[in-house]
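Peer 1: Sharing a structure here in structure tokens format.
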Amino acid sequence: MADFQTSTHRAKWIFTPNELVEKYKVSNQRAIKMLKEYGSTRIEVSADGSLSYPEPQLDATKVEKRSHTKPLSIEDEQLMRVFYEQKIQEVCLAFGFPQKIQGTAIIYFKRFYLQWSVMEHHPKNIMLTCIYASCKIEENHVSAEELGKGIQQDHQVILNNEMLVLQSLGFDLIVYAPYRSIEGFVDDIEDFCQANDQLEMLKVSIAFVFNDRLWLPLK
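Its first residue numbered 25, the sequence shown is counted upward by one per residue in our numbering.
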């Protein structure tokens, strides 16, 4: 694997909080504009990976109906993304995938929705495609049929969205999740504590951190 310092992850995918907010705002506003003009925000993906955008609706009844359709806010979209990031973890756990599969899939999912609104592409479909792509890049290949069957979803949706996801990632598929670094840090601390008879204190401290700190709701 390439060194992080020279990677596309570091060069292209590290953003400040303000930059992230701006990216989410752009995609959210684009989807809201589409809803006002066409009465729909959903972009359909065909079997060959091509996109079909909504067309203007001339029917008076449909025009009236769309005027009452309320778009998602940026905060609403954030909640949906967090929900499906949790679902990625659940699916990976159900299949018994290594932790690196989960980490890579979540990063792919996050990157995808820097380019798109959840109103444009359904997070459930993108979630599955990100897991599928993650299995490929992390050399733990699972067929789309097997993945879809395991969670009772149409595997064709995964295949249809594969090219869209890869293009949205800019084909930057090598990512750096924090798990390995954290595990290495914990191993070093355990070695230190064993040498100094403080391993039990470390376990109590870790349990406190996870119970009292890390599981707080995301804001």
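Note that the Cβ used here is the ideal one computed from N, Cα and C, for glycine as well.
Return the CA-CA distance between K94 and H145, expressed in angstroms with no decimal places.
Peer 2: If you take the alpha carbons of K94 and H145, they lie about 17 Å apart.
Peer 1: Is it true that the CB of E169 sits closer than 8 Å to the CB of H179?
Peer 2: Contact: yes.
Peer 1: Can you list, in chain order, the residues of its chain whose CB lies under 8 Å from that of A84, leaving out five sequence neighbours each side?
Peer 2: Below a pLDDT of 50, predicted positions are generally treated as unreliable, and A84, at 45, falls in that range; the measurement from the model is reported next regardless. Nothing meets the Cβ criterion.
Peer 1: May I ask which residues mark the beginning and end of the alpha helix (DSSP H) holding D196?
Peer 2: Premise fails: D196 is in no alpha helix (DSSP H) and is neither H nor E.
Peer 1: Just checking, does the region 43 to 53 make contact with the region 131 to 145 on the three C-beta pairs under 8 Å criterion?
Peer 2: Enough Cβ pairs lie closer than 8 Å, so yes.
Peer 1: For my contact list, I130 and E109 are in at a C-beta cut-off of 8 Å; report their separation, rounded to the angstrom.
Peer 2: That pair is a contact at about 5 Å.
Peer 1: Name the residue from K173, S64, V189, N149 whose alpha carbon lies nearest to the alpha carbon of K111.
Peer 2: Selected option, being the one with the closest Cα: N149.
Peer 1: Who are L75's beta bridge partners in DSSP?
Peer 2: Paired residue(s): V69.
Peer 1: Is L44 helix, strand or coil when you go by DSSP?
Peer 2: Reduced to three states, the DSSP call for L44 is helix.
Peer 1: When you compare only the Cα positions, how much space is there between D211 and P202?
Peer 2: Computed Cα separation, rounded: 14 Å.
Peer 1: F39 by DSSP, collapsed to three states: which one?
Peer 2: Coil, per DSSP.
Peer 1: In terms of residues, what are the limits of the alpha helix (DSSP H) holding V115?
Peer 2: Unbroken alpha helix (DSSP H) run through V115: 98 to 119.
Peer 1: Could you name the residues of the same chain whose beta carbon sits closer than 7 Å to that of T153, not counting the 5 residues immediately before and after it, in chain order?
Peer 2: Here the set comprises I182, N185, E186, V189.
Peer 1: Leaving aside the five residues before and after I161 along the sequence, list all residues of the same chain whose C-beta is less than 6 Å from its C-beta, in chain order.
Peer 2: Cβ within range, chain order: L197.
Peer 1: When DSSP labels each residue in this structure, what does Q177 get in the three-state scheme?
Peer 2: Of the three classes helix, strand and coil, the one that applies to Q177 here is coil, per DSSP.
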